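Numbering (our numbering), first residue to last: 10 to 612. All residues carry an ideal CB built from backbone N, CA and C; glycine is no exception. Just so it is clear, the structure is predicted and the values come from calculations on it, not from any experiment. What follows is a short report on a single structure.
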Amino acid sequence: MKFLPFAVACLGISSVAQATSPTKPYAQTIYIGGDIVTVNDTAPTAEALAEKNGRILAVGKESDVMKLRDSNTKVINLNGKTLIPGFIDGHGHVFNTGIQALSANLLAAPDGNVKDIASLQAALKSWMNKPENSRHGIILGFGYDDSQLAEQRHPTRQELGVVSQDIPVLVIHQSGHLATLNSKALQLAGFTAESKNPEGGNIRREKDGKMPNGVLEETAFFGVLIPLFSKLNEKENEAIFRAGMKLYSSFGYTTAQEGRATGSSVQTMYNLAQQSKLPIDVAAYADIQVAQDFIKPPYYSSQYNNGFRVAGAKLNLDGSPQGKTAWLTKPYLVPPVGQKEGYKGYPSMTDEKAAEYIELAQTKGWQLLTHVNGDAAIDQLLKGIEASEKKHGIPDRGFVAIHAQTARKDQVETFKRLGVFPSFFPMHTFYWGDWHMDSVLGGERAQNISPTGWARDLGMIYTSHHDSPVALPNSMRVYSATVNRISRTGRVLGPKQKVSAIDGLKAQTLWAATQYKEEKNKGSLEVGKLADFAILSANPLKVAPETLADIEILETVKEGQTVYKRDEQSTASKEMGGCIDSARCQAIATTAMISAGMLHHSH
């Protein structure tokens with residue numbers, strides 16, 4: 010469909026009709042009877058919206074928009090509910106979210122019920138006792154968080170052995186950067202007292218300093234996980250991907266991201282899109298270290314092919330602050346087990362290797378997303394970009410700093426100078442705010458994590474994200490954390506970093522579209538843009554900010570078609586793991602996950 014200029018959105022209905030067709034353009038669907046938040050500063054609210062052929066036909070007064078009605082037009086009365094643009098994923102892992110959806114739920118409240126190691130063990134046993142899971146030959150859990158366990162530590166291999174000594178048990182930390190294995194899983198993966206730490210990773214040891222205690226960090230963990238899932242067949246991978254998209258759509262997302270795609274996951278997503286149009290758009294960023302072959306046609310494109318495209322590359326330069334593997338310039342407040350005072354985390358690679366990947370992306374014209382949690386890792390990224398610019402100039406690269414959790418003010422200023430787009434992770438203020446204050450960073454550093462306020466002071470735009478499956482892809486929790494910055498216990502982290510409700514909404518809609526360079530097509534309710542919507546139980550610009558997380562997603566509409574509608578009987582957005590609905594059961598049954606041999610990994 011021919012693109013309509015943005016200026017048309019500011020004209021009257023007659024001008025819209027004239028621009029669209031010499032004859033009157035009748036709407037397929039018209040929405041009335043509720044608040045319509047356009048996220049368009051020129052006309053921030055509207056009484057009605059019309060859609061035709063998956064695009065917005067008109068936005069404005071109800072009396073004007075209803076002139077586009079004919080006998081075939083479907084008129085939807087919002088009955089006081091609120092229509093906003095569909096949420097756009099600033100950063101997440103929609104494919105890996107499917108893995109979370111199919112694993113035992115080890116999350117703490119409010120997303121799960123694990124509060125100590127005993128309840129973690131019980132959750133794993135309950136998952137394993139279900140017939141659709143017991144045949145997998147592995148017990149897989151996701152989302153435990155040592156900062157939320159009563160013991161304030163990771164489980165040990167022996168404690169996972171209580172769940173099973175004969176079946177491998179693998180539980181993934183909520184950060185996605187660590188995991189704990191039982192003795193059987195360690196044995197099958199080839200870990201012994203003689204195993205050496207891989208570059209960019211760490212094997213935590215028992216008191217003797219030799220035998221692995223079960224906890225694997227960063228590349229030590231990834232070396233187990235990647236072979237594990239690379240051996241799934243195509244149907245199993247498709248089931249995982251479908252589960253991820255379904256969960257995303259239940260939180261109002263119409264555009265999702267797979268923010269660190271392997272070659273096999275790119276192939277799965279592309280193949281599924283070739284079979285039929287995906288329910289939501291998915292932009293994948295191929296891991297620049299292992300999947301460069303997929304940053305080319307037909308995968309790599311600026312346009313979606315049936316809802317899928319490879320949009321660029323992903324680089325990872327450090328780990329997780331809550332897991333205490335992020336690379337800092339100043340020490341952690343409390344070092345993790347096995348580390349001495351003064352411990353600052355560690356990089357994923359050398360400066361030289363990082364600069365090589367950055368220059369590769371710049372010379373190829375790839376949009377590069379770079380995972381940088383610690384300020385030392387951010388320094389490494391900025392140093393690499395500046396070195397590349399001295400050789401190649403300053404192109405419109407659209408590079409994105411993912412997380413930038415501990416960005417210093419001078420680094421935010423450098424983001425602006427170099428044109429680096431920050432995608433922040435304010436959900437940390439809720440999930441790990443207390444942990445950051447009391448154990449990870451302390452004081453000023455914890456107060457200024459994900460410094461959205463500094464960015465706005467500089468006139469910058471940014472995005473806010475959930476990094477699912479690190480956290481559920483809960484759009485309203487992201488929104489609340491960005492605006493309120495309130496921890497689980499009610500602490501406010503960095504009141505000067507708070508932003509307004511409209512800025513928080515833009516960070517997940519219009520500014521997110523800008524990050525993807527899709528702002529002409531998405532992110533606000535304007536004539537000619539895609540009819541991508543989320544229908545909410547309340548207007549986020551009118552409620553008390555502290556209640557934002559309580560707003561419910563009632564419906565998700567992608568290009569005029571409903572892809573999710575809240576069922577009062579459904580708990581899909583509240584419960585993770587196991588068989589919570591028929592589609593989830595089918596996905597789990599299809600995912601005949603794993604024989605024990607799939608855990609084999611040599612060192």
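Residue i, DSSP secondary structure in three states
i      : result
Gln196 : helix
Pro554 : helix
Asn382 : coil
Tyr294 : strand
Pro504 : helix
Glu160 : coil
Val123 : coil
Phe408 : coil
Glu527 : coil
Tyr308 : coil
Lys567 : strand
Glu584 : Because Glu584 sits at a pLDDT of 40, beneath the cut-off of 50, its placement in the model cannot be relied upon, and the point is left open.
Pro431 : strand
Ala522 : helix
Pro221 : strand
Ile560 : coil
Buried or exposed (CB count within 10 angstroms, at least 16 for buried), residue i
i      : result
Ser273 : buried
Gly261 : buried
Ala202 : exposed
His100 : buried
Lys400 : exposed
Lys323 : buried
Pro164 : buried
Gln283 : exposed
Ser448 : buried
Ser156 : buried
Ala553 : exposed
N-terminal and C-terminal residue of the beta strand (DSSP E) that residue i is part of
i      : result
Leu179 : 178 to 182
Asn88  : Where Asn88 is concerned, there is no enclosing beta strand (DSSP E), given that its DSSP letter is neither H nor E.
Asn211 : 210 to 214
Val319 : 317 to 325
Tyr40  : 38 to 41
Span of the alpha helix (DSSP H), counted from its first residue to its last, around residue i
i      : result
Ile45  : First-last for Ile45: 44 to 46, but that is the beta strand (DSSP E), not the alpha helix (DSSP H).
Lys255 : 243 to 259
Glu361 : 360 to 373
His100 : Taken as a continuous stretch (DSSP letters only), His100 belongs to no alpha helix (DSSP H), as it is neither H nor E.
Gln167 : 166 to 170
Leu514 : 510 to 515
Tyr471 : Unbroken run through Tyr471: none, as it is neither H nor E.
Cutoff 6 Å; reference residue i; Cβ partners in own chain excluding five residues on either side
i      : result
Leu391 : Thr423
Val171 : Gln130
Gly462 : Lys505, Gln506
Asp290 : Thr264, Tyr313, Gly316
Leu545 : Thr91, Ile560
Gln456 : Leu502, Gly503
Lys617 : Nothing can be reported for residue 617, as the shown portion of the chain is limited to 10 through 612.
8 Å Cβ shell around residue i - same chain, five flanking residues per side excluded
i      : result
Phe250 : Val103, Phe104, Gly107, Ser274, Thr277, Met278, Leu281
Asn206 : Ile212, Ala229
Thr338 : Lys353, Gly383, Asp384, Ala385, Asp388
Lys70  : Ala55, Glu56, Ala57
His186 : Glu226, Glu227, Phe230, Gly328, Ser329, Gly332, Thr334
Through-space distance from residue j to residue i, alpha-carbon basis
i      : j      : result
Ile45  : His474 : 23 Å
Ser357 : Trp375 : 21 Å
Glu613 : Pro140 : A query on residue 613 cannot be resolved here, the shown segment of the chain reaching from 10 to 612 and no further.
Gly532 : Gln524 : 11 Å
Asn222 : Leu377 : 36 Å
Ala363 : Arg486 : 33 Å
Lys583 : Ala118 : Interpretation of Lys583 is limited by its pLDDT of 42, a score under 50 that renders its predicted location unreliable; the figure taken from the coordinates is listed afterwards. Those two C-alpha atoms are separated by around 11 Å.
Met137 : Ile181 : 16 Å
Ile394 : Ser329 : 22 Å
Ala521 : Thr491 : 14 Å
Pro460 : Trp444 : 17 Å
Pro482 : Lys255 : 11 Å
Glu245 : Tyr573 : 23 Å
Ile1   : Pro288 : No answer is possible for residue 1: the residues shown for the chain start at 10 and end at 612.
Thr571 : Glu564 : 7 Å
Arg144 : Gln196 : 20 Å
Ser80  : Ser72  : 17 Å
Sequence-distant residues of its chain with Cβ nearer than 7 Å to residue i (five each side left out)
i      : result
Glu60  : Ala36, Gln37, Thr38, Leu66, Ala540, Gly569
Tyr308 : Val275, Tyr279, Val319
Glu247 : Thr277, Leu281
Gly347 : Arg213, Arg214
beta-carbon residue i near the ligand GTP non-hydrogen atom, thresh 7 Å
i      : result
Leu467 : Of the ligands one can find in the structure shown there are none, so the ligand GTP has no counterpart to examine.
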